[in-house]
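One structure is given here, and the rest of the page talks about it.
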Amino acid sequence: MHKSPAQLDHVVLLLPHADVLNPPDWITSRFTVSAGGKHAEGKTENRLIMFRDGTYLELIAFVKDDPAKREGHWWDKAFGIVDFALTTRMEFDYAALQERLRKSGSVVSYAEPVEGGRVTPDRQELRWKVTFPKGVERGVVPFWCHDLTPRERRVPAFDGNTHHPCGAVGMAGLFVDVAEDQFERVKAALPAITKLPVHADASYTLSTPFDVGRPEEPTMVLRRKTDDQKADLRITLEIQCPGRGGQADVEQRVGDGMVLINLVNGGPRH
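Its first residue numbered 1035, the sequence shown is counted upward by one per residue in my numbering.
Structure below.
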């Protein structure tokens, strides 16, 4: 399976504000949590779980769980994994992406890139541009994140913060479960987004910022929902923990949502 020139950048896990400020045991018993900060618009605050492959899991919350900060926000969702971002090593060609999507016949498109940022606890300013999808629910297809300040400021992997109790080295993949009536239109968009041909199983191999010598690169898999949950979208993250088979996966109820994280010994489970 060919890799996309797109890299998996990070995955977004929405939690109550208290769980970001003081992560619970189901997180800290498995992962090392690093500092984050409040975003420039003042609505959200984060902390990070960083991996050796350069990806990270973003723990994010609305500040003080304020309903006014949630209202109208793209992550006004049930708690759990709500979104994921790609990036590119080369300069991002927004016009080419839009043209590929137009030719795909999909209803998916992307808004113009917009600038975002936050300040770190040691007062470093971080700036980036994000490019958000249109035409589908947020999280069904990835958004894009490109740094304007050095990426190592946003993802400061040092002082052992990529060493985790569960043995995680990086992200093994994502399963994105969508409603039946969305499946085909999303599947039509994914080759245009990833610059790869369609695979029969709607899976796409991505790269990561750093090579950690694993047997398989992360794979994004689109699946038809088969359960009776009310939500149209469900995302399951797989974390690669070489040589640490047999660990219990995370199926953690949080408020009105569910966090689903599989801890896998080898490559992604298809």
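Virtual Cβ for every residue (Gly too), placed ideally from N, Cα, C.
Hey, out of Asp1087, Arg1187, Phe1209 and Asp1043, whose CA is closest to Ser1237's CA? Position 203 of the sequence shown, counting from 1, holds the residue named residue 1237. Comparing Cα-Cα distances from Ser1237 to each of Asp1087, Arg1187, Phe1209 and Asp1043, the minimum goes to Phe1209.
In DSSP terms, what Cys1179 is bridged to: Within the sequence shown, the letter at position 145 stands for residue 1179. Paired residue(s): Val1164.
Do Gly1150 and Ala1074 come within 8 angstroms of each other at the CB atom, strictly closer than that value? Position 40 of the sequence shown, counted from the start, is the residue given in the question as residue 1074. Position 116 of the sequence shown, counted from the start, is the residue given in the question as residue 1150. Yes; because the gap between Cβ atoms is below 8 angstroms, this pair is in contact.
Among Ala1282, His1051, Gly1070 and Leu1297, which has the Cα closest to the Cα of Asp1156? By 1-based counting over the sequence shown, the position of residue 1156 is 122. Considering only alpha carbons, the answer is Gly1070.
Go ahead and pull the three-state DSSP assignment for Thr1196. Taking the sequence shown and counting its residues from 1, one reaches residue 1196 at position 162. Here Thr1196 sits in coil by DSSP.
In whole angstroms, what separates the C-alpha of Thr1121 from that of Arg1172? By one-based count along the sequence shown, residue 1121 stands at place 87. By one-based count along the sequence shown, residue 1172 stands at place 138. Rounded to whole angstroms, Thr1121 to Arg1172 spans 17 angstroms at the Cα level.
Rounded C-alpha distance that separates Met1035 from Thr1239: One-based indexing of the sequence shown puts residue 1035 at position 1. One-based indexing of the sequence shown puts residue 1239 at position 205. With a pLDDT of only 49 at Met1035, under 50, the local geometry of the prediction cannot be trusted, and no value is derived from it.
Can you tell me whether DSSP reads Asp1100 as helix, strand or coil? Here residue 1100 refers to the residue found at position 66 when the sequence shown is read from its first residue. The answer is coil: DSSP assigns Asp1100 none of H, G, I, E or B.
Leaving aside the five residues before and after Phe1126 along the sequence, list all residues of the same chain whose C-beta is less than 6 angstroms from its C-beta, in chain order. Walking along the sequence shown from the start, residue 1126 turns up at place 92. Cβ within range, chain order: His1180.
Assigned secondary structure, Pro1039 (DSSP; H/G/I helix, E/B strand, else coil): As a working note, residue 1039 is residue 5 in the sequence shown. Strand at Pro1039.
Within 10 angstroms of its Cβ, does Phe985 collect 16 or more other Cβ (buried), or is it exposed? The chain is shown from 1035 up to 1304; residue 985 falls before or after that span and cannot be answered.
Rounding to the nearest angstrom, what Cα-Cα distance links Met1124 and Gln1041 in this structure? The sequence position of residue 1124 within the sequence shown is 90, counting from 1. The sequence position of residue 1041 within the sequence shown is 7, counting from 1. Cα to Cα, the separation comes out at about 10 angstroms.
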